[in-house]
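In what follows, a structure is listed as structure tokens, so that the remarks can point back to it.
Numbering (the UniProt record's numbering), first residue to last: 1 to 182.
Rendered as structure tokens:
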């Protein structure tokens, strides 16, 4: 009988692996030794900003969101549960159309995506985000969930932009009026 770890390719994330990560995220009991199969280290607070979307239902509704995600975005669980995990409620005037299309394409094709883009908090303030969408597979190798993690990289991005002489200030995220609804 094959062991479970022999069945999957090195970079696949399974339900069992995701459940173990999820328990660690909830308890705060994780460190640099806890690495996903993709080889990226799990770090404190940064990767605890995430949502889980149901990959087997159209629009991939959010079935869970972390406290860190709520803190980062200003949205409550009650407002975002069952909304699509593309998180269109975070899009705003400076969220590029090609980034929106890349997110939709990754979800539709059930492929991983890592992307730097501008999102907006509930209060309308923009932030640079490193978005990482990872499909999670069951024992039958079917994608059943999406893990979408959100890292606020605004400070890093702004520091890099301020040292770049060729920087076009029009690319800088700017606050837009607060948005009350979705």
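Built from N, CA and C at the ideal position, the CB exists for glycine as well.
In the DSSP assignment, residue 116 is bridged to 130.
The Cβ atoms of residue 60 and residue 86 sit closer than 9 Å to each other. Two segments are said to touch when three or more pairs of C-beta atoms, one from each, lie closer than 8 Å; by this definition the segment 91 to 103 does not touch the segment 64 to 80. In the DSSP assignment, residue 68 falls outside any beta strand (DSSP E) and within the unbroken alpha helix (DSSP H) covering 67 to 73. In this structure, residue 51 lies away from residue 117, with their beta-carbon atoms at least 9 Å apart. In terms of Cβ geometry, residue 82 and residue 103 do not form a close pair [threshold 9 Å]. Apart from the 5 residues on each side of it in sequence, residue 106 sits with its Cβ closer than 8 Å to the Cβ of 112, 113, 133 in its chain, given in chain order.
Nearest neighbour of residue 128 by Cα position, chosen from 157, 140, 108, 122, turns out to be 157.
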